[in-house]
Structures are given as structure tokens and as C-alpha cells.
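Visitor:
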Amino acid sequence: MRKAFKYRLYPTKPQVKDLERTLELCRELYNAALQERRDAYKKAGKSVGLYQQKRYLPKIREELPQYKRVHSQVLQDVIHRVDKAFQGFFRRLKAKKGKAGYPRFKGKGRYDSFTFPQAYETGVKLQDGGRRVLLYGIGSVKVKLHRPLEGKIKTATVKREGEHWYIIFITEVDPKPLPPSEEAI
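If you're matching positions, the sequence shown starts at 89 in this note's numbering and goes up one per residue.
(1) If I follow the unbroken beta strand (DSSP E) through S228, where does it start and stop?
(2) Helix, strand or coil, according to DSSP, for R115 in the structure here?
(3) Within the continuous alpha helix (DSSP H) that includes V246, where are the two ends?
(4) Helix, strand or coil for R198? Go by DSSP, reduced to three states.
(5) In or out: V166 buried (at least 16 other Cβ within 10 Å) or exposed?
(6) Assuming contact is defined by CB atoms lying nearer than 8 Å, are K228 and R220 in contact in what I supplied?
(7) Go to F178, then tell me how far its alpha helix (DSSP H) extends in each direction, as first and last residue.
(8) Any idea which residues DSSP pairs E260 with across the strands?
(9) Per DSSP, what kind of secondary structure is Y155 in: helix, strand or coil?
(10) My understanding is that F202 touches L138, with C-beta atoms under 8 Å, so please give their C-beta distance in whole angstroms.
(11) Looking at the unbroken beta strand (DSSP E) that takes in Q215, where does it start and where does it end?
(12) Closest by CA to Q161, which one among K247, E260 and C114?
(13) Apart from the five residues just before and just after K237, which ones in its own chain have a Cβ nearer than 8 Å to its Cβ?
(14) Does the Cβ-Cβ distance between F204 and A173 come in under 8 Å?
(15) At what residues does the beta strand (DSSP E) containing R220 begin and finish?
(16) In terms of residue numbering, what span does the alpha helix (DSSP H) encompassing R143 cover?
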């Protein structure tokens with residue numbers, strides 16, 4: 089069973105700049121991947137798939153050094169988001185219920201989170217007895233664990249909500265057995 093735990097982050101001013109830079113790079117990649125899919129369909133009538141776009145990521149990181157400070161799995165997750173947006177569009181189009189809503193470009197301030205899909209292996213580590221979290225490309229950020237973290241961490245999403253920053257851990261937790269019931273159904 090999966091369970092979510094949301095905790096407040098307290099980044100320093102330089103860390104806030106790094107977090108915002110990461111969001112901006114993710115937004116730019118999202119918009120570029122969306123544009124590539126639009127252009128491919130307009131010019132050749134063909135769609136670009138998830139794995140075709142993922143194959144470009146190492147080249148992007150090589151040619152644009154600013155992307156080296158963003159974890160590769162975070163960039164892969166951005167491509168997954170574009171693919172998920174198109175899957176939803178085609179599903180709604182096929183269902184023919186109202187407008188399908190073609191995936192939109194994300195404007196400044198409209199991309200508010202990035203995800204480490206395999207946080208338990210790379211990218212995110214709890215430190216200092218849970219008082220800090222080490223984020224790839226950002227550094228060690230102060231966190232307030234107001235309740236204990238249960239289970240094994242699967243993913244971690246860093247999210248901006250207004251002026252505040254949060255980290256959401258999705259964990260794998262063993263389900264608790266229900267107490268035995270004496271009543272018949």
C-alpha cells in the first residue's frame with residue numbers, strides 16, 4: 089500500500105534560487121518536448137513517443153551544461169508528464185465527451201513541482217536524524233518532519249506553494265490487518 093507524507097522545507101535564499109532554477113529548467117524542457125511533438129505532427133503527420141524523447145536527454149545535458157545540475161531522473165519524469173498529458177488528451181478525444189483539451193505550454197510560475205521517481209535509490213537522502221534532506225543539485229535543506237515517516241520511500245516530489253516549499257514522500261507501507269469481527273454480514 090502506498091502512503092504520502094508531506095513536509096515543509098526551509099531552504100536558504102541560495103537554495104531557493106537553485107530550486108527555482110530547477111523548476112525553470114523543467115518547465116523549459118516540458119515546453120520543448122511539447123513543441124517537438126506538435127512540430128512532428130504538423131510537418132510529418134507522425135507522433136514522437138516517450139522513449140524517442142527520452143533518448144535526447146543525454147545529448148541535452150551534454151550540450152546545455154545547466155541541465156547537468158538537474159538529476160537525470162527528474163528530467164525523465166518531465167518527459168513522462170508530457171506523455172501523460174498526451175495520453176489524457178487522446179483518451180478524452182476517443183471518449184468524445186466535451187472538449188478534449190490539447191496539452192498546453194506552461195508559462196512562468198505555472199510549473200510548480202519536480203519529482204525524483206526513484207528517490208529511495210538516488211537524488212534524495214534524509215540526513216541529521218530527519219532534520220535535513222539532501223537534494224541532488226540543491227544541497228542539504230532543512231525539513232520539518234512533524235510526523236514519523238513510515239515505510240520505504242519510493243518517490244519524492246519537491247513542490248512550491250506560494251512562498252513555501254514542501255517535499256512529498258510516497259512510501260510503500262505494509263497494510264495493517266483489520267481487527268477480527270464477530271458479526272456476520
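The beta-carbon is built from N, C-alpha and C at its ideal position, and this holds for glycine as well.
Guide: Walking through what the data contain:
(1) Position 140 of the sequence shown, counting from 1, holds the residue named residue 228. Counting along the chain, S228 sits inside the beta strand (DSSP E) bounded by residues G227 to K232.
(2) By 1-based counting over the sequence shown, the position of residue 115 is 27. Reduced to three states, the DSSP call for R115 is helix.
(3) Within the sequence shown, numbered from 1, the residue matching residue 246 stands at position 158. Unbroken run through V246 is the beta strand (DSSP E), K240 to E249; no alpha helix (DSSP H).
(4) Counted from its first residue, the sequence shown places residue 198 at position 110. Under the three-state reduction of DSSP, R198 is assigned to coil, being neither helix nor strand.
(5) Taking the sequence shown and counting its residues from 1, one reaches residue 166 at position 78. Buried is the call here.
(6) In the sequence shown, counting from the first residue as 1, residue 228 sits at position 140. In the sequence shown, counting from the first residue as 1, residue 220 sits at position 132. The question names Lys, but residue 228 in the sequence shown is Ser. The answer is yes: Cβ separation under 8 Å.
(7) Indexing the sequence shown from 1 puts residue 178 at position 90. Here the alpha helix (DSSP H) through F178 covers S160 to A183.
(8) Against the sequence shown, residue 260 aligns to sequence position 172. Per DSSP, R90 and K240.
(9) Mapped onto the sequence shown, residue 155 falls at position 67. In the structure shown, Y155 falls within a helical segment according to DSSP collapsed to helix, strand and coil.
(10) As a first step, residue 202 must be located in the sequence shown, where it is residue number 114. As a first step, residue 138 must be located in the sequence shown, where it is residue number 50. Not quite, the Cβ-Cβ distance comes to about 18 Å (not below 8 Å), so this is no contact.
(11) Along the sequence shown, read from residue 1 onward, the residue named residue 215 stands at position 127. Per DSSP, Q215 belongs to the beta strand (DSSP E) from V212 to Q215.
(12) The residue given as residue 161 occupies position 73 in the sequence shown. Nearest option by C-alpha distance: C114.
(13) Here residue 237 refers to the residue found at position 149 of the sequence shown. Residue identity differs from the one stated: residue 237 is Leu in this sequence, not Lys. The answer, listed in chain order, is F93, L214, G218, F257 and T259.
(14) Along the sequence shown, one-based indexing puts residue 204 at 116. Along the sequence shown, one-based indexing puts residue 173 at 85. It is not a contact, given that the beta carbons lie outside the stated cut-off.
(15) Along the sequence shown, one-based indexing puts residue 220 at 132. Here the beta strand (DSSP E) through R220 covers R220 to L223.
(16) Along the sequence shown, one-based indexing puts residue 143 at 55. Taken as a continuous stretch (DSSP letters only), the alpha helix (DSSP H) holding R143 covers L138 to R143.
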